[in-house]
Amino acid sequence: MRIASWRLVLAASLSLVFAACDGTGEASDSLTGDPGRAWPPYPAEVRQPVPDSHPDPNLPPVGVIETDLAAHAGFPATLTFSATDPDSIGLTGSINFGDGSPQFAVYFEGTTVTVTHTFAAPGNYDVVMRVTDGRDESRTVATQAVIPRKVLVVQGYGSESQCPSGAGFANRLDHWLPGLLDSAAIATSTSSDLLYGSYSGRWCDGGDGADGDFAEYSSGETCQGIDDEGGLAERLRAQVDAAAPAKVVIIGHSMGGLAAAYLVGSDPDWARQHIASVVTFDSPLQGVPQVNLTALRIGGGCSFNSKSTQDLSDGNSNLLSVARTAAAIVPFYNLDATDRESVFFLDIRQAVPTDRTHLDGEAIHWQLGASHNGLWNTTPGDLKDGPIIRAAIVCAVELVPGVRCQPPGIES
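Here you go:
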């Protein structure tokens, strides 16, 4: 560095004060004073390190996210993040899970870090990781985590009444439920997320019937009652257990809904761990007066002395008492296709309506079981509460655990 200007300070010692620099390098100068005040030559030297104008560039790190797409709402999802740095500089990272939770800081001791995160609700989430090296060079990588919800539909007795072409409440489930969930942006990633069960086991076979794990129940077993050995509740429980670790939404029609409610009430702790919510349509949670049991066809060939008949005709039976506790255990929606009153079955009388666009009583119960057109389409002749029932299904399926959803048009 060459001194461009300086001045001499006369004091106990000499000092240089310089105002500007000229170029780079090394230089020396002699200090002399006025006549009579001379010093011998006094070298001054200033050195300045000069940085290399062409250093090796710091390359950004490389990151990869591997997601476990089998994760389910309310249960931990394991995500593996891998990162390397071309310059072998230490790495740190931050993760945004895309669900509104705080950013998560990670530290790489090697090249891989595993993080566990619980997504509270089903959906498709953009997971973003920003990885940074020790010289602040960073790179962002992203992936999508699909968090589906398992849905188990349980049809009631007699839903096969129009086989093979009559569809049935659940029998063409693959025709209406995926579209309904897709329209609400609810994730059911594969057909395996839609499960099927039957109160009576009488599905329409082949043709347009839905694919799924159909439980087989004979009329004789139906007459034994839901809570008997070999009854429906234990078989439904086996289907729910098989779906673990996913929590299952159960949609039940008629006796299928009563079986679902009994299953929840019979083991509350198990139900909270395995069942996200329950929707029942026209399910006799209050029982059925014996005078109406013949018309309801509880089970083919069931006598008035059968377990099924006794369970329903006695409003205080163990079956009904246990089933009615379900609403206090998991989010629970008990709907009726006509007036949404939980005592619907107590009001069933003669069932043949004169105006088929305004069905009521028993007839609408059987249409709900036997025809998908009236309930799931929005065409003329649609059941008047069809949109409300569809909204309830969406509401229950997308439910955040622990938060009760209120579908439009349904009173608390």
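Counting in the numbering used here, the sequence shown runs from 903 upward without gaps.
Each residue gets a CB set at the ideal place from its N, CA and C atoms; glycine is no exception.
Keep in mind that this is a model prediction, so the values were computed, not measured.
Subject >> Bridge partners - residue 1009, DSSP secondary structure assignment >> reply: 994
Subject >> residue 1232, enclosing alpha helix (DSSP H) - first and last residue >> reply: Neither: residue 1232 is in no alpha helix (DSSP H) and is coded neither H nor E.
**OP:** Quick one: give me the first and last residue of the alpha helix (DSSP H) that residue 1037 is part of.
**Re:** In the DSSP annotation of this structure, residue 1037 is not part of any alpha helix (DSSP H), being labelled neither H nor E.
Subject >> Limits of the beta strand (DSSP E) - the one that residue 1173 falls within >> reply: Element bounds for residue 1173: not the beta strand (DSSP E) but the alpha helix (DSSP H), 1170-1176.
Original post:
Taking three-plus beta-carbon pairs below 8 Å as touching, is the stretch 1214-1223 in contact with the stretch 1136-1149?
Top reply: Two segments are said to touch when three or more pairs of C-beta atoms, one from each, lie closer than 8 Å; by this definition the stretch 1214-1223 does not touch the stretch 1136-1149.
Original post:
Is residue 1218 helix, strand or coil when you go by DSSP?
Top reply: Of the three classes helix, strand and coil, the one that applies to residue 1218 here is coil, per DSSP.
Subject >> Check whether residue 1097 and residue 1057 have beta carbons under 8 Å apart >> reply: No, these two residues do not count as a Cβ contact at 8 Å.
Original post:
Between residue 999 and residue 1029, which are expected to be in contact by the criterion C-beta below 8 Å, what is the C-beta distance as a whole number of angstroms?
Top reply: 6 Å
**OP:** Identify every residue that forms a DSSP beta bridge with residue 1052.
**Re:** 1150
Original post:
What is the DSSP secondary structure of residue 1141, counted as helix, strand or coil?
Top reply: helix
Subject >> Sheet register partners of residue 999 (DSSP bridge) >> reply: Note: residue 999 sits in no beta bridge, so no partner.
Original post:
Should residue 1236 go down as buried or exposed, given a rule of 16 or more other Cβ atoms within 10 Å for buried?
Top reply: buried
Original post:
Going along the chain, which residues of its own chain have a beta-carbon closer than 6 Å to the beta-carbon of residue 1014, five neighbours each way excluded?
Top reply: 984
Original post:
When the Cα atoms are used, what is the spatial distance from residue 1211 to residue 1161?
Top reply: 14 Å
**OP:** Measure the Cβ-Cβ separation of residue 1231 and residue 1154 and say whether it is below 8 Å.
**Re:** no
Subject >> Sequence-distant residues of its chain with Cβ nearer than 7 Å to residue 1170 (five each side left out) >> reply: 1231
Subject >> Best match in 1001, 1172, 1176 and 1005 for proximity to residue 1151 [C-alpha to C-alpha] >> reply: That would be 1176, whose Cα lies nearest to the Cα of residue 1151.
Subject >> Close-in-space but distant-in-sequence residues of the same chain around residue 1052 (CB under 6 Å, 5 per side omitted) >> reply: 1095, 1145, 1148 and 1150
Original post:
Between residue 992 and the rest of its own chain, which residues show a CB-CB distance below 6 Å, the 5 nearest in sequence each way excluded?
Top reply: 1036
**OP:** Determine the DSSP secondary structure at residue 1105, reduced to helix, strand or coil.
**Re:** Any reading at residue 1105 needs caution, since the residue's pLDDT is 44, under 50, leaving its predicted position unreliable; the model's value is listed next. Coil.
**OP:** Please go through the same chain and pick out, in chain order, the residues whose beta-carbon is closer than 7 Å to the beta-carbon of residue 1224, but skip the five residues on each side of it.
**Re:** 1164, 1167 and 1168
Original post:
What is the rounded straight-line gap between the Cα of residue 1228 and the Cα of residue 1018?
Top reply: 31 Å
**OP:** Specify the secondary structure class of residue 1046 as computed by DSSP and reduced to three states.
**Re:** strand
**OP:** Determine the burial state of residue 1002: buried for a count of at least 16 other Cβ atoms within 10 Å of its Cβ, exposed for fewer.
**Re:** exposed
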